[in-house]
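This report refers to the structure that appears directly beneath it.
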Amino acid sequence: GAVVSQHPSRVICKSGTSVKIECRSLDFQATTMFWYRQFPKQSLMLMATSNEGSKATYEQGVEKDKFLINHASLTLSTLTVTSAHPEDSSFYICSARAEPTDTQYFGPGTRLTVL
Amino acid sequence: KNQVEQSPQSLIILEGKNCTLQCNYTVSPFSNLRWYKQDTGRGPVSLTIMTFSENTKSNGRYTATLDADTKQSSLHITASQLSDSASYICVVSPAYNTDKLIFGTGTRLQVFP
Chain H
1 GAVVSQHPSR
11 VICKSGTSVK
21 IECRSLDFQA
31 TTMFWYRQFP
41 KQSLMLMATS
51 NEGSKATYEQ
61 GVEKDKFLIN
71 HASLTLSTLT
81 VTSAHPEDSS
91 FYICSARAEP
101 TDTQYFGPGT
111 RLTVL
Chain E
116 KNQVEQSPQS
126 LIILEGKNCT
136 LQCNYTVSPF
146 SNLRWYKQDT
156 GRGPVSLTIM
166 TFSENTKSNG
176 RYTATLDADT
186 KQSSLHITAS
196 QLSDSASYIC
206 VVSPAYNTDK
216 LIFGTGTRLQ
226 VFP
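Read top to bottom, the protein sequences are chains H and E. Okay, so the first sequence: first residue is 1 according to the working numbering, each after it adds one. Okay, so the second sequence: first residue is 116 according to the working numbering, each after it adds one.
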């Protein structure tokens with residue numbers, strides 16, 4: 001149980017385009033999901049907390065207008081990287097909290113490459 | 116200074132050997148401490164979880180220990196396999212906000228035949 005999926009697993013796009021990444025909890029409902037970014041040889045950095053039915057909470061330094069988060073249902077959160085630039089190239093990982101515990105289950109990640 | 120520090124940064128061992136990874140943390144109080152395995156290009160997968168009152172937890176060939184007095188944890192891998200090659204991350208969940216996981220810098224383990 002407690003499986004989290006992400007789609008796509010990897011995406012290559014041109015600079016200036018927008019990319020949407022989906023995060024789904026497959027066998028449990030998640031009121032809260034999290035989006036992380038990981039650069040090579042670095043640890044995961046929390047970008048934002050996604051709350052179902054309300055606005056996401058962004059970490060300091062993360063532009064909310066650039067990284068749009070929508071948590072429309074208890075099993076789906078999406079991250080849209082708008083007007084992507086090469087510096088946005090990274091590994092994006094989502095997690096979903098399995099309530100009533102505080103355990104976060106991580107997705108397999110999405111590799112974004114912006115040319 | 117990172118609140119969760121791991122050592123060594125990288126480690127190379129031969130298949131079948133044992134190894135121990137270290138995690139020192141300053142987060143206090145904390146709710147739980149987890150060890151994750153992250154394969155290259157994949158998301159982290161939980162290996163063990165310990166609350167502040169637990170001293171040890173095993174999961175197959177993985178055994179984690181926790182010393183809350185010295186704020187140290189270790190992950191011992193027994194009879195290593197080639198598939199153990201991955202990054203191992205120590206993650207502490209602070210009591211003041213269990214959602215704000217504090218990640219260690221990880222140990223990159225390579226197991227050679």
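Every residue gets a Cβ at the ideal spot worked out from N, C-alpha and C, and that includes glycine.
Please compile the residues from chain H whose C-beta is within a distance smaller than 8 Å of the C-beta of Lys215 of chain E. The answer, in chain order, is Leu46.
If distances are taken between C-alpha atoms only, which option among E:Pro228, E:Ser200, E:Val142 and E:Thr222 comes closest to Pro123 of chain E? Distance check between Pro123 of chain E and each of E:Pro228, E:Ser200, E:Val142 and E:Thr222 places E:Thr222 closest, using alpha-carbon atoms only.
Got a sec: is the Cβ-Cβ distance from Gly53 of chain H to anything in chain E below 8 Å? Not an interface residue.
Closest to Tyr36 of chain H by C-alpha separation, out of H:Lys14, H:Leu26 and H:Glu22, would be which residue? Looking only at H:Lys14, H:Leu26 and H:Glu22, the smallest Cα-Cα distance to Tyr36 of chain H is reached by H:Glu22.
Could you tell me whether the segment 136-147 of chain E touches the segment 74-91 of chain H, using the rule of 3 or more Cβ pairs below 8 Å? Too few Cβ pairs lie closer than 8 Å, so no.
How about Thr178 of chain E and Ser43 of chain H: are their beta carbons less than 8 Å apart? Contact flag unset, no.
I think Arg111 of chain H touches Gly156 of chain E, with their Cβ atoms under 8 Å apart; what is that distance to the nearest whole Å? 7 Å between Cβ atoms; contact.
Checking 8 Å against the spacing of the C-beta atoms, do Gly107 of chain H and Ser89 of chain H come in under that value? No.
Among residues of its own chain, excluding the 5 on either side of Ser9 of chain H, which ones have a beta-carbon nearer than 8 Å to its beta-carbon? Counting only residues of its own chain and dropping the five nearest sequence neighbours on each side, Ser9 of chain H has a CB closer than 8 Å to the CB of Pro108, Gly109, Thr110 and Arg111.
Tell me, please, whether the CB atom of Arg97 of chain H is closer than 8 Å to any CB atom in chain E? Yes, because at least one Cβ of chain E sits closer than 8 Å to the Cβ of Arg97 of chain H.
Contact defined as beta carbons within less than 8 Å: I believe Asp102 of chain H pairs with Asp214 of chain E. What is the distance between those atoms, to the nearest angstrom? Distance from Asp102 of chain H to Asp214 of chain E at the Cβ level is roughly 7 Å; contact confirmed, criterion being Cβ atoms closer than 8 Å.
Under 8 Å (Cβ pairs) to chain E, residues found in the segment 25-37 of chain H: Within the segment 25-37 of chain H, the residues whose Cβ lies closer than 8 Å to some Cβ of chain E are Thr32 and Phe34, listed in chain order.
Are the C-beta of Pro209 of chain E and some C-beta of chain A separated by less than 8 Å? Of the chains in the structure shown, none is chain A; the protein chains are H and E.
Along the chain, where does the beta strand (DSSP E) that runs through Lys152 of chain E open and close? Unbroken beta strand (DSSP E) run through Lys152 of chain E: Phe145 to Gln153.
Return the chain-ordered list of same chain residues with a C-beta closer than 6 Å to the C-beta of Thr113 of chain H, the five sequence neighbours on each side being excluded. So the list reads Ile12 and Ser89, once near-sequence residues are dropped.
So that I know if they touch, is there some Cβ in chain E lying closer than 8 Å to that of Pro108 of chain H? Yes, contact with chain E.
Is DSSP giving Glu87 of chain H helix, strand or coil here? Three-state DSSP puts Glu87 of chain H in a helix.
Give a yes or no on whether 8 Å exceeds the smallest Cβ distance from Ile204 of chain E to chain H. So yes, Ile204 of chain E belongs to the interface.
Outcome for Val226 of chain E when other beta-carbon atoms lying within 10 angstroms are tallied against a minimum of 16: Its Cβ being crowded by 16 or more others within 10 Å, Val226 of chain E is buried.
Is Asp199 of chain E helix, strand or coil when you go by DSSP? DSSP places Asp199 of chain E within a helical segment (H, G or I) once states are collapsed to three.
Tell me the DSSP secondary structure of Arg24 of chain H in three-state form. Strand, per DSSP.
Pro209 of chain E, DSSP secondary structure in three states: In the structure shown, the three-state DSSP call for Pro209 of chain E is strand.
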